[in-house]
Amino acid sequence: MGRMSSSCAFCSGTFSPDELLSLDGASSPVCPACYELAEPSTDAASLTVGPIQRADLELVLAWRNNPVIYEHFAEQDGPIQWADHVDWFESRPPTRRDYVASYDGRRIGVVAVDASDFVSIYIAELTLWGEGLATRLLDWLTTRFHSMRDLQAEIHANNERSQRLFERCGFERTNREDDWYVYAYVGDSQ
Ligand SMILES: CC(C)(COP(=O)(O)OP(=O)(O)OC[C@H]1O[C@@H](n2cnc3c(N)ncnc32)[C@H](O)[C@@H]1OP(=O)(O)O)[C@@H](O)C(=O)NCCC(=O)NCCS
């Protein structure tokens with residue numbers, strides 16, 4: 022029953038086979054958003070995303086326990102214990118998607134959309150900040166999800182770097198709740 026479907030080799034999303042594209046270096050075809058991300062029009066190095074795996078958890082915990090990263094998270098105000106981290110991983114709602122980004126063959130950060138369509142992103146390898154990687158990842162996420170989700174973000178009023186990132190990628194500020202701005206994805210058609 023139903024139409025045949027296939028998975029993207031990178032993000033594991035489900036697509037009809039004729040939507041998928043062959044990419045050099047990928048074992049199987051990938052979706053258009055992953056194709057665009059991994060094969061940039063400039064000579065930038067390859068950036069890919071894959072769903073977070075159990076084997077990523079140690080590294081992701083180390084990233085999430087860096088105050089330079091978590092000071093910007095609305096839902097975290099201190100280091101996380103291993104058991105709570107595993108609990109978080111295992112009890113994620115099925116509509117939540119967490120992707121680990123790899124650049125030049127190594128893992129460098131995370132981009133995610135939660136069950137309420139809120140987007141989060143960080144580049145954990147701090148020396149890579151300012152090279153456009155978050156912009157490429159957020160563009161990937163909006164391309165991949167904007168037709169199925171009402172993408173939003175919650176960004177601290179002090180986090181101007183992130184505000185500029187989200188505005189560059191098609192988000193607009195809609196609201197302010199205390200020290201947090203709410204952004205909604207409107208695309209680049211204004
Ligand atoms: C916010 C964060 C994700 C930005 O990551 P980043 O990789 O430095 O972002 P980018 O490189 O895409 O953009 C940063 C700057 O580099 C510039 N840049 C340099 N080269 C670029 C290129 N090739 N393409 C696009 N932008 C480029 C951008 O214009 C941007 O300048 P601006 O800040 O003056 O607008 C990162 O600082 C981070 O992880 N912060 C901590 C966690 C956090 O705050 N997350 C967001 C919570 S909502």
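Take any residue in the sequence shown, note its place counting from 1, add 21, and you have its number in the numbering used here.
Ideal placement from N, C-alpha and C gives every residue a C-beta, glycine not left out.
Computed from a predicted structure; not experimentally measured.
Residue 47 versus residue 188 - alpha carbon distance: 31 Å
Buried versus exposed, by CB contacts within 10 Å (16 or more), residue 163: buried
For residue 154, the nearest candidate out of 42, 103, 131, 208 (CA to CA): 131
Runs of beta strand (DSSP E) lying entirely within the region 105-175, each at least 3 residues, in chain order: 118-124, 127-134, 140-144
Identified DSSP bridge partners for residue 196: 203
Inter-residue spacing [alpha-carbon to alpha-carbon] between residue 180 and residue 118: 23 Å
Residue 61 versus residue 147: straight-line alpha-carbon distance, rounded: 22 Å
Nearest candidate by alpha-carbon position, reference residue 93, set 133, 203, 176: 176
Outcome for residue 84 when other beta-carbon atoms lying within 10 angstroms are tallied against a minimum of 16: buried
Residues near residue 211 in its chain [Cβ-Cβ closer than 7 Å; skip 5 each side]: In this prediction, residue 211 has a pLDDT of 47, which is less than 50 and means its spatial position is unreliable; what the coordinates show is noted afterwards. Closer than 7 Å at Cβ, skipping near neighbours: no residue.
Residue(s) in a DSSP beta bridge with residue 70: 122
Beta-carbon proximity list for residue 160, same chain, < 6 Å, skipping 5 on both sides: 190
C-alpha distance - residue 49 paired with residue 184, whole-angstrom precision: 36 Å
Span separating the alpha-carbon of residue 28 from that of residue 36: 6 Å
Residue 26 versus residue 38 - alpha carbon distance: 6 Å
Check your reading: residues with Cβ closer than 6 Å to ligand 1 heavy atoms: 90, 93, 141, 142, 143, 144, 150, 151, 152, 153, 154, 155, 156, 174, 176, 180, 182, 183, 185, 186
Neighbour-count burial assignment, residue 102, 16 or more Cβ in a 10 Å radius: exposed
Per-residue burial, residue 141 [other beta carbons within 10 Å of its own, 16 or more giving buried]: buried
Own chain residues within Cβ distance below 8 Å of residue 108, not counting five before or after: none
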